[in-house]
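I have placed the structure first, in the form of structure tokens, so that the comments after it can refer back to it.
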Amino acid sequence: MNKKIPLLLLIGLLLLALGFGYPLFWRKWQAPLGPSLGLPTSTSTPAVLPPTETPASMASAADPGQATSVPTPTATATPAPLCGGPPLMYILAIGADSGQSYDYGLADAIRVVRIDFITPKVTALTFPRDLWVEIPDIATKYNITQGKLNQAYFYGGKGMGYYQGEGEGPGLLARTLQLNFGVRVDHYGAINMNTFVKLVDAVGGIDLYLPEAVDGTSEDPMTIDLGYFPAGQHHFNGEEALRFARIRKKYSDFARQDHQTMVLCALRAKLKEPGVYTRIPQIISAFQGSVQTDLSPQQLTQLACLLPHLKRENILFASFPAELLPPGRVYNPYYKKTTFAIQADNQALRAYVEKFMAGTWPDQPEEPACP
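This is the structure:
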């Protein structure tokens, strides 16, 4: 009998530890991994369909001479979101041009991603980094009210000290998007160049086909030589994928957006390969402490869970029409000189943003965005 007492005591202590430890684990599981945006977030409410009447109730209504009965409406069930996620989630996705930290650096790529956990469907809208915009919350101390869209992330960086609001660089960029274009995002995720390289290497590189050559070479010593990529099939490591995704000098920012989309599609294809599961430790290592996000571990798991459910035709990439993005020259107060900028009609872009947020634009393409 005495021998059982230590065993029972041990079991009791384990149960007690689990009882106290589970709430702590659950809080950490749901806690954001970085500073929250502090924005009024979009409220996702599933569409409620009108009740459907039964044939019997419809017949009674059609023939008033018959004995009437109270119609029994049959509610149409709304499909539940997959993977325990919300019906909709909007994420501000940022590619930062910084090397190591997120304290400094411009937003090299800016996309708002609409994630529908019910359909399921993912749509990404690209915002050109050179859009000339109003930048809030830093005018009082630094007398800066305008700049390029990518500078909003730069001014919000912790190392700059310009912005004292919530969310650091992503927070100021999110506020800028909301002020100028009516964009509402729930969360953000930023990845710098080093982390991108490590991620592509962690999955074993990516494969993509170039229908024509892409030339990123430069004879200007002040411009980075990004290399030459001939037409044909390629297997890129992380450093090659990064160089390819950054090429725009001899083309345009729209061409660079297309290059980045090709890389994202190739990365998605790689992540769906069965062999990638053996590389999960390397993938986790590439991301650990290297991504700037306010998503929680629970939400990241929901997003990872959704990936295998996505059909190719339900992954869409959208860009504003080129005619709405006129190039121009603007005096930039930070650089104290005139620089290239896109001077768009924000109201015209807002109309597209509104349709994007509602899920009515872009139209379903004839061919999937990702091959």
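Here the working numbering is used: the first residue of the sequence shown is 633, the next is one more, and so on. C-beta atoms are modelled at their ideal positions from N, C-alpha and C, and glycine is treated no differently.
- Query: Can you tell me where the beta strand (DSSP E) with G727 in it begins and where it stops?
  - Reply: L720 to A728
- Task: Just mark N869 as buried or exposed, buried being the case when its beta carbon has 16 or more other beta carbons within 10 Å.
- Result: exposed
- Checking contacts by CB at 8 Å: is E999 closer than that to chain B? This model lacks chain B altogether; it includes just one protein chain.
- CA nearest to the CA of G821, picked from A976, D995, A741 and Q662: A741
- Message: Under 8 Å, with one C-beta from each stretch per pair, do the region 910 to 920 and the region 843 to 858 reach the 3-pair mark?
- Response: no
- Message: By the DSSP assignment, the beta strand (DSSP E) with S951 in it spans what residues?
- Response: I947 to S951
- Distance between L811 and D926 (C-alpha atoms, nearest Å): 21 Å
- By Cβ distance, which residues of its chain are closer than 7 Å to Y984, with the 5 residues on each side in sequence left out? F952 and W993
- Message: Measuring straight from C-alpha to C-alpha, what distance separates P768 and P843?
- Response: 42 Å
- Task: Could you tell me the boundaries of the beta strand (DSSP E) in which K969 lies?
- Result: K969 to I974
- Item | Chain-order list of residues whose beta-carbon lies under 8 Å from that of I776 (same chain, five-residue window excluded) | I767, I770, Y787, Y794, P965 and Y966
- Item | Beta-bridge partners of R746, as assigned by DSSP | Y722 and T755
- Identity of the residue in Q732, G814, M721 and V829 nearest A980 by Cα: G814
- Task: Pick out whichever of L724, C897, I747 and L805 has its Cα sitting closest to the Cα of H819.
- Result: L724
- From what residue to what residue does the alpha helix (DSSP H) around Y883 run? No alpha helix (DSSP H) holds Y883; DSSP gives it neither H nor E.
- Item | Uninterrupted alpha helix (DSSP H) stretches inside the region 786 to 872 (no shorter than 4 residues) | 800 to 813 and 825 to 834
- Query: In its own chain, which residues sit with a C-beta less than 8 Å from the C-beta of A918, not counting the 5 before and 5 after it?
  - Reply: T827, K830, L831, D833 and A834
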